Every structure is written in structure tokens, then in C-alpha cells.
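Down below is the structure, laid out as C-alpha cells.
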Amino acid sequence: GTREMLIASEHVSSLIGPKGATITEIRLKCNNLNIEIRPSDTPENTNASHKVIMGPGDVSQLNMAEELIQGHLAKNDGNNGSVGSRRFP
10 GTREMLIASE HVSSLIGPKG ATITEIRLKC NNLNIEIRPS DTPENTNASH
60 KVIMGPGDVS QLNMAEELIQ GHLAKNDGNN GSVGSRRFP
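So for the sequence shown, our numbering puts the first residue at 10; every next one is plus one.
Pasting the structure below:
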């Protein structure tokens with residue numbers, strides 16, 4: 010199946026990562042699950058301005074992707090907007 014998850018605009022760049030590294034890593038951990046980030050249908054809602062579309066894949070892949078993404082967002086939430094939280098290679 011597929012699954013969608015709404016995310017805030019400020020999380021988009023961190024979830025994609027430098028040159029797509031973060032999202033690629035999540036895809037690989039989920040057995041090459043297709044994960045796309047697109048603008049959502051309600052861009053005026055800044056807390057859900059984008060959606061992550063996961064799949065098609067099996068339930069275990071989707072669950073893992075969702076957990077990894079939520080974990081990544083939670084980690085980033087603690088230091089929103091602070092320059093110190095951005096790691097550059």
C-alpha cells in the first residue's frame with residue numbers, strides 16, 4: 010500500500026538532507042521504498058504545508074519509514090531555526 014504524512018515546511022530541507030542524503034538513507038533502510046515529498050493540498054497550513062508520500066510497499070516498510078521520518082523530525086524539533094543544528098559536511 011501507500012501512506013501519506015503531513016509535515017511542516019521547515020522540516021522539508023532537513024528531511025531531504027544535503028544533496029538528498031537523509032531521504033536516500035531512509036529509503037535504503039526501508040528496502041528501497043519509494044518516498045516522495047510534495048507540497049500538500051493546503052499550503053496555507055504551515056504545519057502541514059508538505060506531504061511525504063511513502064510506497065507502494067508492504068506494511069512493514071511503511072511502518073519503518075514512518076518511524077524513521079517521525080524520529081528524524083522529533084530530533085530536529087528541539088532546535089528549530091537554530092543555525093547550530095545544521096550540520097554541513
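Just so it is clear, CB atoms sit at the ideal spot from N, CA and C, and this is done for glycine as well. Since the model is a prediction, treat every value here as computed from it, not as a measurement.
Same chain only: Cβ atoms within 6 Å of residue i, ignoring 5 sequence neighbours per side
i     : result
Gly90 : Here Gly90 scores only 47 on pLDDT, less than 50, and its place in the model should not be relied on; the value that follows carries that caveat. Around Gly90: no qualifying Cβ.
Met73 : Cys39
Proximity winner among the options, relative to residue i (alpha-carbon distances)
i     : options             : result
Ala30 : Glu19, Ser18, Ile44 : Ile44
Arg47 : Met73, Ala83, Leu24 : Leu24
Gly80 : Ser58, His59, Ile32 : Ile32
Leu37 : Asn85, Gly66, Leu82 : Gly66
Residues near residue i in its chain [Cβ-Cβ closer than 7 Å; skip 5 each side]
i     : result
Gly64 : Gly10, Thr11, Arg12, Leu42, Asn43, Leu71
Gly26 : Ile32
Supposed contact pair residue j and residue i - C-beta distance, whole angstroms, cut 8 Å
i     : j     : result
Ile35 : Ile78 : 7 Å
Ser18 : His59 : 6 Å
Met14 : Glu75 : 6 Å
Counterpart residues of residue i in DSSP-defined beta bridges
i     : result
Glu53 : Looking at the DSSP assignment, Glu53 forms no beta bridge with any residue, so it has no partner.
Ile44 : Met63
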